[in-house]
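Asker:
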Amino acid sequence: MGTPLLEIRNVSLSFPGAAGGMVEILHDISLEIKEHEVVAILGPSGCGKSTLLRAIIGLEQPTKGQIFYRGQPQIGLNPSTALVFQNFALFPWLTVQENVSVGLSCLGLDEAGRSERVEQVIAAVGLAGSEEAYPKELSGGMKQRVGLARALAVQPEILCMDEPFSALDVLTSETLRNEVIEIYTRKTSPVNSILMVTHSIDEGVFMATRLVVMGAHPGIIRAVLDNPLPYPRDEHHPDFIALIQKLHTLITQVEFPVERVPPAVPSVGLMPVQSIPIVSLSSAIGLLEILENEGDLELFELTNHVDLELSQLLLVVKAAELLRWVSTPGGRVEMTSAGRQFLSSDINTRKRQLNVLLRRLYVFDVIIRMLNQSPSKEVQEGVVSSQFALHFPHERPLRLLRTVVAWARYAELFQYSATRKVFYKLQQIPSPP
Amino acid sequence: MISEPPFVRPPRVVEWVDLVVFGLLAALIYALVTVAREWSGPLQSVPIIHLEARYLPLYTLFSLSRGVCAYAVSFGFTMVYGYAMARVAGAERVMLPVLDILQSIPVLGFLPGFVLGLVHLFPHQNIGLEIASVLMIFTGQVWNMTFSFYSSLKAVPPDLVAVARLARMSWWERFVRLDISFASTGLLWNSMMSMAGGWFFLMVSEAFVLGEHDFRLPGLGSYMSLAIERSDGTAQLLGVVAMLGMILFVDQVVWRPLVAWSHKFTEQETNGGSGSWLWELIRSSRIWSAVSKSWIFFAEKGQPRATASMRRVAKPLLRSAASFHLGGRMLVGLTGLGILSGVIKYVQLLQGLTVEDWLDLLSGTGMTFLRVIMAVVLASLWTIPVGVLIGRHPRWSRILQPAIQMAASFPAPMIFPVVVGGMLAMGVGLGTSSVVLLLLGTQWYILFNVIAGSSAIPRELWEVSRLARFSWRNRWLNLILPAIFPSLLTGCITAMGGAWNASIVAEYMKYHGQTLMTMGLGATISQATERGNFHVLGAAVGVMAVTVVGFNRLVWRPLSHRAQTRFTLDS
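Chains A and B, in that order, give the protein sequences. According to my numbering, the first sequence is numbered sequentially starting from 269. According to my numbering, the second sequence is numbered sequentially starting from 12.
(1) Would you call the stretch 656–663 of chain A and the stretch 588–603 of chain A in contact, with 3 or more CB pairs under 8 Å?
(2) With DSSP run on the structure shown, which of helix, strand or coil describes isoleucine 293 (chain A)?
(3) Methionine 180 (chain B): which of A:Val291, A:Gly376, A:Ala674, A:Tyr678 sits nearest, CA to CA?
(4) With DSSP as the reference, identify every bridge partner of leucine 463 (chain A), one or two as the case may be.
(5) Measure the beta-carbon distance from leucine 449 (chain B) to alanine 534 (chain B) and round it to whole angstroms, keeping in mind my assumption that it falls under 8 Å.
(6) How far does the alpha helix (DSSP H) with serine 517 (chain A) in it reach, from first residue to last?
(7) Residues of chain A with a CB under 9 Å from the CB of alanine 173 (chain B): which are they?
(8) Kindly list, in the order they appear in chain B, the residues whose Cβ is closer than 9 Å to that of leucine 707 (chain A).
(9) Fully enclosed by the stretch 549–629 of chain A, which beta strand (DSSP E) runs are 3 residues long or longer?
(10) So if DSSP puts serine 685 (chain A) in a beta bridge, which residue, or which two residues, is it bridged to?
(11) DSSP beta-bridge partners for alanine 350 (chain A)?
(12) Can you list, in chain order, the residues of its chain whose CB lies under 6 Å from that of leucine 625 (chain A), leaving out five sequence neighbours each side?
(13) Would the beta-carbon of lysine 689 (chain A) fall within 8 Å of that of glutamine 648 (chain A)?
(14) My output table needs one value for threonine 271 (chain A): the three-state DSSP class, helix, strand or coil.
(15) Can you tell which of A:Ile293, A:Val364, A:Leu351 has its C-alpha closest to the C-alpha of glutamine 329 (chain A)?
(16) From the beta carbon of aspartate 170 (chain B), is the nearest beta carbon of chain A less than 8 Å away?
(17) So that I know if they touch, is there some Cβ in chain B lying closer than 8 Å to that of threonine 687 (chain A)?
(18) Pull up the CB-CB distance for glutamate 541 (chain B) and valine 220 (chain B), whole angstroms please, since I reckon it's below 8 Å.
(19) Considering only the beta carbon of each residue, do leucine 67 (chain B) and leucine 249 (chain B) sit closer than 8 Å?
(20) Would threonine 520 (chain A) be called buried (16 or more neighbouring beta carbons within 10 Å of its own) or exposed?
(21) Between leucine 436 (chain A) and arginine 413 (chain A), is the Cβ-Cβ spacing less than 8 Å?
(22) Count the CB pairs spanning the stretch 452–467 of chain B and the stretch 391–405 of chain B that are closer than 8 Å, and state whether there are at least three.
(23) Does cysteine 374 (chain A) have its Cβ less than 8 Å from a Cβ in chain B?
(24) So with Cβ pairs under 8 Å, would you call valine 291 (chain A) a contact of chain B?
(25) Determine whether the Cβ of glycine 408 (chain A) lies closer than 8 Å to any Cβ atom of chain B.
(26) Strictly under 8 Å for the Cβ-Cβ distance: is glycine 371 (chain A) near chain B by that measure?
(27) For the stretch 180–211 of chain B, list every residue whose C-beta sits within 9 Å of some C-beta in chain A, in sequence order.
(28) If alanine 81 (chain B) and glutamine 152 (chain B) are in contact, beta carbons under 8 Å, what's the gap, nearest whole angstrom?
(29) Starting from arginine 577 (chain B), find everything on chain A with Cβ-Cβ shorter than 9 Å and list it in chain order.
(30) Give me the Cβ distance between cysteine 428 (chain A) and alanine 357 (chain A), rounded to the nearest whole Å; I'm assuming they're in contact under 8 Å.
(31) Quick one: does the C-beta of valine 673 (chain A) sit closer than 7 Å to a heavy atom of the ligand NAD?
(32) Apply the 10 Å Cβ neighbour rule to proline 123 (chain B) and answer buried if 16 or more other Cβ atoms are within range, or exposed otherwise.
(33) My understanding is that serine 85 (chain B) touches serine 205 (chain B), with C-beta atoms under 8 Å, so please give their C-beta distance in whole angstroms.
(34) With the cut-off set at 8 Å, would you say phenylalanine 276 (chain B) and threonine 157 (chain B) are in Cβ contact?
(35) How about methionine 410 (chain A) and isoleucine 449 (chain A): are their beta carbons less than 8 Å apart?
(36) Please list, in chain order, the chain B residues whose beta carbon lies closer than 8 Å to that of tyrosine 402 (chain A).
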């Protein structure tokens with residue numbers, strides 16, 4: 269195999285956080301990119317997969333660890349890489365041709381060589397005829413073709429793509445996926461390996477020869493899976509479907525390990541300092557509705573019933589599990605009797621039940637205790653968010669705060685005023701059942 | 012069937028378009044020579060200004076050239092100051108408040124320093140006075156451009172920055188292709204506003220009395236002020252026509268083509284509302300392609316030289332920033348010393364004031380404050396309903412927008428005497444009529460913003476209010492006012508700043524050979540300038556700056572924060 273193209277050795281990366289400290293985005297990442305492979309990095313949003321990509325290119329500097337390119341430690345931008353952006357990142361005031369040639373001035377080509385190169389990549393991505401157009405005249409698919417052409421123009425050994433198809437509609441992204449694979453497999457292509465970030469399992473399985481699954485808070489590599497299917501791949505082939513299911517199971521096992529002990533009944537004083545998943549309560553209730561209609565399901569079967577990407581769905585399941593509405597033995601999602609009871613109740617009973625349930629969770633308990641101790645029965649938002657930042661250094665405190673507010677409002681636990689930015693007590697506390 | 016060969020126009024040696032453009036070029040060269048001759052002429056503190064109509068084109072040309080020079084200075088200042096403020100680490104914390112204070116200092120506050128200093132520097136030539144005049148117009152133009160450039164630079168999309176880094180763009184390439192290009196739209200609109208702001212004080216900038224000296228420069232502003240002093244109605248009318256002509260000329264020849272050209276810098280597809288005949292003409296001319304080619308050359312090949320010279324400037328700067336402990340601290344210390352000595356000098360200047368002077372100043376501030384508030388309230392009262400009406404009907408706003416733009420660009424002080432004359436005939440004194448004068452100068456800012464705000468209300472919300480059978484009162488309270496609140500606020504802030512400045516010319520004026528004045532801070536500043544009473548002038552300018560900045564900090568800033576968090580339409 270020889271030296272790998274790229275070697276990422278124990279890379280950690282932190283950014284200054286909102287609460288003053290450092291938030292660790294990537295934690296001890298080690299990964300190799302070999303020659304002639306397509307590596308897809310999969311993971312939930314906020315797991316740092318884009319940051320990892322940017323660190324590999326050299327746009328971000330690792331706080332710890334090092335990246336080697338062909339055995340040489342990498343300092344600054346790696347000239348053998350090019351990046352395709354999720355939102356195209358085209359200069360609106362430059363024509364297609366000018367946008368594509370943006371990266372060429374530093375390559376030391378003469379005028380003729382440059383225009384030949386531009387012409388060649390524009391033809392390769394199917395943009396011939398649009399050379400003089402401005403980006404605003406183009407459709408999303410055409411814009412991303414320009415982004416792709418710009419990346420290919422510098423003849424990169426490693427083509428990096430950051431969710432390149434997620435801003436496009438289904439049909440267009442399908443077409444572009446095929447075209448990228450076609451460019452990659454072309455013999456004349458200078459592209460040696462592709463490194464892409466995606467949140468779609470199907471996309472990863474369709475394109476990649478190796479799949480890297482990341483987990484969030486902080487971003488770590490959870491699992492790596494090889495994909496030996498030959499190109500061109502058929503999405504309906506049994507092997508393809510089997511691989512997707514395998515990946516689903518893998519991610520599920522990572523997120524819901526079988527050997528995990530079920531959460532102990534929390535008693536006051538020994539409450540685990542635990543955050544809540546950043547999802548809405550109504551999506552968790554929606555999950556119950558589906559389980560009610562379809563019966564208990566395997567996790568990956570669930571994806572067929574909901575219009576959510578897997579990482580998002582997993583958060584919903586976790587929320588339902590936290591509320592003890594479902595249990596997840598061995599990757600199955602089963603509704604508990606508590607869940608059934610909740611679902612059959614009317615809105616007021618639901619609120620009462622939730623009121624009791626949420627009080628047992630740390631994030632709500634801490635606010636209620638602060639409110640009880642405050643003489644004015646009010647607590648500033650800043651106090652709460654700094655408390656959260658302290659306990660959950662990898663969460664974004666504001667997003668967590670908003671979710672807490674939404675859940676608490678539903679359960680009528682306490683109130684929150686967005687204009688004054690304070691939490692305050694409800695006048696009437698609904699009586700417990 | 013044999014298709015006809017496509018019709019190809021034979022290339023002509025000279026097209027009429029090129030002739031027109033060459034004609035323009037020749038006219039421009041002649042104008043430059045004339046202006047240069049004027050500038051290097053011997054200093055006459057009171058040159059003879061003629062009120063005959065035939066002098067007017069020349070005067071207009073002189074004023075226009077001053078405005079253009081001032082704009083060039085403003086542009087340069089904006090580039091340097093705005094860039095440093097946005098990009099030099101830590102600079103923002105000092106430079107932003109400084110800019111805020113500078114913009115609150117009234118134009119007349121800069122006058123004595125500029126004039127005396129520059130006339131002293133060039134004692135025998137007009138150039139000192141000319142530069143002073145240009146600099147005063149500059150102080151009326153520059154601030155909003157700098158703010159706009161700064162906020163654009165802060166908003167450059169990070170992805171585009173990443174592309175620029177990946178493409179290893181040089182500093183210069185990045186500045187031209189990314190920073191300036193991204194900022195261009197905002198810079199252009201603010202340039203239009205700035206030009207209008209510069210004209211506002213044209214009369215003061217070209218003809219002023221400072222102590223015993225009566226300084227005048229030939230130009231449209233001094234022509235107008237002489238016409239007003241002599242109460243020559245025909246000359247006043249001619250002056251207004253010339254001013255309107257100049258604004259129209261600049262609008263058609265400069266701004267319209269630039270706006271049309273700048274459409275390529277915007278990300279959205281524009282609905283081609285503001286076409287420009289001149290832009291079409293230029294674009295189809297041969298000269299344009301030469302110019303645009305040279306621009307590309309400038310962006311790419313100009314880079315090594317610019318980068319090299321930049322490096323020469325930036326290296327020591329960066330080095331001093333790196334070795335902050337040595338040279339940096341000394342620099343900061345020196346600057347601090349300079350500021351400290353300035354403060355001491357200023358306090359010494361203020362010590363010449365008696366308690367009575369201070370009381371006068373304070374009561375004057377109170378009066379002017381009341382007038383400013385009244386002007387903003389009155390302006391809101393008529394502009395809100397009219398603006399909402401115009402904003403709701405896109406066709407109306409398309410038709411009316413250019414007319415309003417013209418009216419807004421016209422320097423209101425030029426018609427002040429007519430208004431004051433009318434008010435005096437009705438038995439209303441300057442104390443009250445100056446409110447009307449402030450209104451004339453500042454209402455447009457509010458109108459523009461209300462139109463923008465109401466046209467941004469989504470149609471669905473109008474429909475909801477109709478379906479819910481909102482009463483007239485309900486519709487205003489629950490839909491229109493909250494929806495336009497943020498833009499109304501922006502309009503009011505701008506209007507109020509303008510009104511403070513305008514009080515200088517509204518509370519004190521030469522009229523029919525006599526001096527009209529009323530109690531107020533603006534009148535105090537004008538009078539102190541004319542009498543050369545620098546103690547009072549320094550104090551009054553300071554009071555005004557403190558009042559404006561204080562009001563901005565204590566009232567407008569919390570309000571706009573609230574507007575942005577609560578009343579924003581994109582939820």
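Heads up, the beta-carbon is just placed ideally off N, CA and C, and yes, glycines get one too.
Answerer: Short version:
(1) no
(2) strand
(3) A:Gly376
(4) Answer by DSSP bridge pairing, in chain order: A:Val307, A:Cys428.
(5) That pair is no contact at about 13 Å.
(6) Reading off the sequence, residue 517 (chain A) comes out as threonine, not serine. According to the DSSP assignment, threonine 517 (chain A) belongs to the alpha helix (DSSP H) that extends over 506–523.
(7) Arg322, Ile325, Leu327, Leu351, Phe353, Ala357
(8) Absent from the model: residue 707 (chain A). The displayed extent of chain A is 269 to 701, so no value can be given.
(9) DSSP runs (the beta strand (DSSP E)) wholly in the stretch 549–629 of chain A: 600–603.
(10) Answer is A:Val690.
(11) A:Leu427
(12) Leu591
(13) yes
(14) coil
(15) If you compare the alpha carbons of A:Ile293, A:Val364, A:Leu351 with that of glutamine 329 (chain A), the shortest gap goes to A:Ile293.
(16) By this cut-off, aspartate 170 (chain B) is an interface position.
(17) At least one chain B Cβ lies under 8 Å of threonine 687 (chain A).
(18) 5 Å
(19) yes
(20) buried
(21) no
(22) A contact exists between the stretch 452–467 of chain B and the stretch 391–405 of chain B.
(23) yes
(24) no
(25) no
(26) yes
(27) Result list: Met180, Ser181, Glu184, Arg188, Leu189, Ser192, Phe193, Ser195.
(28) About 6 Å; that satisfies the 8 Å criterion.
(29) Ala686, Thr687
(30) With a Cβ gap of about 13 Å, cysteine 428 (chain A) and alanine 357 (chain A) do not count as contacting.
(31) Among the components of this structure there are no ligands whatsoever, and the ligand NAD is therefore not found.
(32) Its Cβ being crowded by 16 or more others within 10 Å, proline 123 (chain B) is buried.
(33) 6 Å
(34) When the beta-carbon positions are compared, phenylalanine 276 (chain B) and threonine 157 (chain B) stay at least 8 Å from each other.
(35) no
(36) Lys275
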